[in-house]
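Written below as structure tokens is the structure these notes are about.
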Amino acid sequence: ATNAGMEIHREYSVERKGKWNLLNNNMELKLGDLVRVDLYLRLPAARNFVVIDDPVPGGLEPVNRDLASTSIIDANKAKMKYADGAYWFRFNDWRSYGYSHWSFYHRELRHEAARFYSEYLPGGNYHVAYTAQVIAPGEFTVLPARAEEMYHPDVFGLGVPARLRVYESK
21 ATNAGMEIHR
31 EYSVERKGKW
41 NLLNNNMELK
51 LGDLVRVDLY
61 LRLPAARNFV
71 VIDDPVPGGL
81 EPVNRDLAST
91 SIIDANKAKM
101 KYADGAYWFR
111 FNDWRSYGYS
121 HWSFYHRELR
131 HEAARFYSEY
141 LPGGNYHVAY
151 TAQVIAPGEF
161 TVLPARAEEM
171 YHPDVFGLGV
181 PARLRVYESK
């Protein structure tokens with residue numbers, strides 16, 4: 021991970037028996053699994069025009085509640101209780117998506133990436149999340165999440181890459 025004025029951390033959890041289970045960096049999933057992606061951003065100082073860019077690995081597809089074909093139930097599962105051991109529990113002052121005008125207010129869920137935008141963020145801790153469906157078997161590289169100040173790209177945070185293996189059934 022790289023911290024150049026911002027610290028970004030990403031976690032994947034898979035739904036099993038009605039609750040989220042945290043995955044490690046060598047993730048193993050099966051076709052059809054529902055995955056929760058949590059992104060945590062820590063800022064030591066206020067920043068302007070911050071974007072979080074989370075590349076979506078092949079094999080996953082974000083569940084976009086803005087589309088008529090999407091299951092709202094699955095999309096809303098990003099609001100369910102956090103997995104045991106989640107980064108969420110390390111701090112108690114997270115500001116979530118839409119918390120206020122001074123938080124992340126716009127998101128784009130695309131096939132290649134999930135992006136979250138803000139105009140102004142006071143120093144502090146921020147959390148955004150989305151759900152994704154496992155749609156294809158294979159082995160995939162999960163590129164690191166990145167946060168940056170759009171007009172000052174030298175202020176950024178870069179997460180860590182991971183590996184994803186998807187099985188037909190397990």
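For the sequence shown, the positions run 21 to 190 when this note's numbering is used. Note that beta-carbon positions come from the ideal geometry of N, C-alpha and C, so glycine has one too. Just so you know, these numbers come straight off a predicted model, no measurement behind them.
The stretch 30 to 46 touching the stretch 127 to 136, judged by at least three CB pairs closer than 8 Å: no
8 Å contact criterion, which D73 and R115 should meet: CB distance rounded: Within the sequence shown, residue 73 is the residue found at index 53, counting from 1. Within the sequence shown, residue 115 is the residue found at index 95, counting from 1. At roughly 19 Å, the Cβ-Cβ gap does not stay under 8 Å, so D73 and R115 are not in contact.
Cα-Cα separation, N23 to S123: On the sequence shown, residue 23 is found 3 positions in, with the first residue counted as 1. On the sequence shown, residue 123 is found 103 positions in, with the first residue counted as 1. One C-alpha to the other measures close to 20 Å.
Simplified DSSP state of R135, which is helix, strand or coil: What you label residue 135 is simply residue 115 of the sequence shown in a count that begins at 1. DSSP places R135 within a strand segment (E or B) once states are collapsed to three.
Stretch-stretch touch, CB-based, cutoff 8 Å, three pairs: the stretch 28 to 36 with the stretch 135 to 148: Of all C-beta pairs linking the stretch 28 to 36 to the stretch 135 to 148, fewer than three are shorter than 8 Å, placing the two stretches out of contact.
Simplified DSSP state of W108, which is helix, strand or coil: The residue given as residue 108 occupies position 88 in the sequence shown. Here W108 sits in helix by DSSP.
Reduced DSSP secondary structure (H/G/I, E/B, other) of V148: Mapped onto the sequence shown, residue 148 falls at position 128. DSSP places V148 in strand when its eight states are reduced to three.
Simplified DSSP assignment, three categories, for L163: Translated into positions along the sequence shown, residue 163 becomes position 143. Here L163 sits in coil by DSSP.
Whether K101 touches K39 by CB criterion (9 Å): Taking the sequence shown and counting its residues from 1, the one referred to as residue 101 is at position 81. Taking the sequence shown and counting its residues from 1, the one referred to as residue 39 is at position 19. Yes.
Coil, strand or helix - G38 by DSSP: In the sequence shown, the residue the question calls residue 38 occupies position 18. The answer is coil: DSSP assigns G38 none of H, G, I, E or B.
Residue from F176, D104, P142, E132 whose Cα sits closest to the Cα of V83: Mapped onto the sequence shown, residue 83 falls at position 63. Residue E132 is the option with its Cα nearest to V83.
Bridge partners - D58, DSSP secondary structure assignment: Along the sequence shown, one-based indexing puts residue 58 at 38. For D58, the pairing in a beta bridge is given by DSSP as E31, A149.
Alpha-carbon spacing of V148 relative to N68, whole angstroms: As a first step, residue 148 is located in the sequence shown; it is residue number 128 there, counting from the start. As a first step, residue 68 is located in the sequence shown; it is residue number 48 there, counting from the start. About 17 Å.
Neighbourhood of F176 by C-beta distance below 8 Å, restricted to the same chain and skipping five residues each side: Your numbering for residue 176 matches position 156 in the sequence shown. Counting only Cβ-Cβ distances below 8 Å, and skipping sequence neighbours, we find T22, A24, G25, M26, R166, A167, E168, E169.
P75 vs V162 beta-carbon contact at 9 Å: As a first step, residue 75 must be located in the sequence shown, where it is residue number 55. As a first step, residue 162 must be located in the sequence shown, where it is residue number 142. Yes, Cβ-Cβ distance for P75 and V162 is below 9 Å.
Sequence-distant residues of its chain with Cβ nearer than 8 Å to A65 (five each side left out): Taking the first residue of the sequence shown as position 1, residue 65 is located at position 45. For A65, where only same-chain residues beyond five positions count, the Cβ hits under 8 Å are G25, G143.
According to DSSP, residues forming a beta bridge with L80: What you label residue 80 is simply residue 60 of the sequence shown in a count that begins at 1. According to DSSP, L80 bridges with V154.
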